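These notes are about the structure you will find just below.
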Amino acid sequence: MVERDRPVSPAEDDPPLSEEERQARLCEAEAELAQIQTELDAELKREPTGKIVWRSREMLFGILLVVMTFGLYSLGFSFGLQLNDWAMHRHPLTPGGDPPLYFIREDFLSGLALILPLLLVLAMAGAYFRRSPFVAFMITWQALLFMGPKIAASAVIAWNCTGLFGPAIRAPAWPNFKSYMSDPVFFWTHALVFTAALLISLLPLSLKWARARGYPLPSLARLLIRP
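Here is the structure:
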C-alpha cells in the first residue's frame, strides 16, 4: 500500500536559521522595500499629485469653454432673429417677391449677429492657448464650423447689395430666388470655411504625428503640442 504524501511544514523542511542569517535576510528585505519606495517616489515626481489635480481642472474648464462656445452661438442666432424682426417692423418685405429681398436681408442679419460671438470665442481661445493649445484649437474650429458659413454668406451679401438697412434694398446679382440659391460664390465661401475648420482641427494631431516620427518641428509647432 502506497503511503500518501504528507505536507511538510517549513520547520521540518528547513533547518533553523542562525541569528546572522536572520539579520542578513532582514537587511535584504529592507533593501527591497527601499528600492520600491525609491521607484514610487520617482513616479510621483514624474507625475505629481498637484499636476493630476490641475489636469482635471483643466479638462473641466475646457468642457466649460466648449459649452460657452455653443451658448454664444445660440445667443448670436437668437439675436439674428431679433434683428430680422426689428427690420421687418421698420421696413416690411414679403417672402415671395423677386428679387428675394426678404431672404437676402434675413441671411445678412443672421450672419451679422454671429460676428461678435465668433470674436468672443476667438478671444477665449487666445486667452486659454497657453494652458491648453488643444482646447483652444477645438473651440476655434467648432466656432468656425457653426458660425463661419453664415458670416461668410453675410459678407457676400454685403458685397453685392446696397441699402440693406433701409427700405430700398438693391440686389442686382440675384434677380430671382433661383439665382440667389444657386450662386456658386456661396458654395465656395462655405467650402473655404469648412476647409479652414478641418485644417485647424487636424493641426495638433498632425504635429504630434510628425514629432512621434522624428520630423523636425519649428518652435511654434513644439509649443502647440507641448505636454
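When we follow the numbering used here, the leftmost residue of the sequence shown carries the number 4, and every step to the right adds one. We put the beta carbon where it would ideally sit given N, CA and C, even for glycine. Remember, it's a predicted structure, so these values are computed and weren't measured experimentally.
Cβ of P136 within 8 Å of Cβ of L78?
-> By one-based count along the sequence shown, residue 136 stands at place 133. By one-based count along the sequence shown, residue 78 stands at place 75. Contact: no.
Endpoints, alpha helix (DSSP H) assigned at R108 | Reading the sequence shown from its first residue, position 105 is the one you call residue 108. Residues L104 to A116.
Taking just the CA atoms, how far does S185 sit from C138?
-> Within the sequence shown, residue 138 is the residue found at index 135, counting from 1. Within the sequence shown, residue 185 is the residue found at index 182, counting from 1. According to the sequence shown, residue 138 is Val rather than Cys. Between V138 and S185, the C-alpha separation is close to 36 Å.
Return the first residue and the last residue of the alpha helix (DSSP H) that W144 is part of.
-> Along the sequence shown, one-based indexing puts residue 144 at 141. Taken as a continuous stretch (DSSP letters only), the alpha helix (DSSP H) holding W144 covers P136 to N163.
Could you check where the alpha helix (DSSP H) with F180 kicks off and where it finishes?
-> As a first step, residue 180 is located in the sequence shown; it is residue number 177 there, counting from the start. F180 to M184 is the extent of the alpha helix (DSSP H) around F180.
Are I107 and W177 closer than 8 Å when you measure CB to CB?
-> If you number the sequence shown from 1, residue 107 lands on position 104. If you number the sequence shown from 1, residue 177 lands on position 174. Contact: yes.
Which listed residue (G166, V124, F80 and M150) has its alpha carbon closest to that of F140 | As a working note, residue 140 is residue 137 in the sequence shown. Residue V124 is the option with its Cα nearest to F140.
Please report how far the alpha carbon of F168 lies from the alpha carbon of A194, in whole angstroms.
-> Position 165 of the sequence shown, counted from the first residue, corresponds to residue 168. Position 191 of the sequence shown, counted from the first residue, corresponds to residue 194. Near 28 Å, if we compare the C-alpha coordinates of A194 and F168.
Of all the options F132, G100 and L68, which has the alpha carbon lying nearest to the alpha carbon of I172?
-> Taking the first residue of the sequence shown as position 1, residue 172 is located at position 169. That would be G100, whose Cα lies nearest to the Cα of I172.
Any idea which residues DSSP pairs R173 with across the strands?
-> Numbered from its first residue, the sequence shown carries residue 173 at position 170. Partner(s): T165.
Could you tell me whether the Cβ atoms of N179 and P102 are closer together than 8 Å?
-> Locating residue 179 in the sequence shown gives position 176, counting from the first residue. Locating residue 102 in the sequence shown gives position 99, counting from the first residue. Yes.
Could you have a look at G83 and say whether DSSP puts it in helix, strand or coil?
-> For the purposes of this step, residue 83 is taken as residue 80 along the sequence shown, with counting starting at 1. Of the three classes helix, strand and coil, the one that applies to G83 here is helix, per DSSP.
Assuming G114 contacts S182 under a Cβ cut-off of 8 Å, what Cβ separation, rounded to an integer in Å, is found between them?
-> For the purposes of this step, residue 114 is identified with residue 111 of the sequence shown, where counting begins at 1. For the purposes of this step, residue 182 is identified with residue 179 of the sequence shown, where counting begins at 1. Not confirmed; about 19 Å, so no contact.
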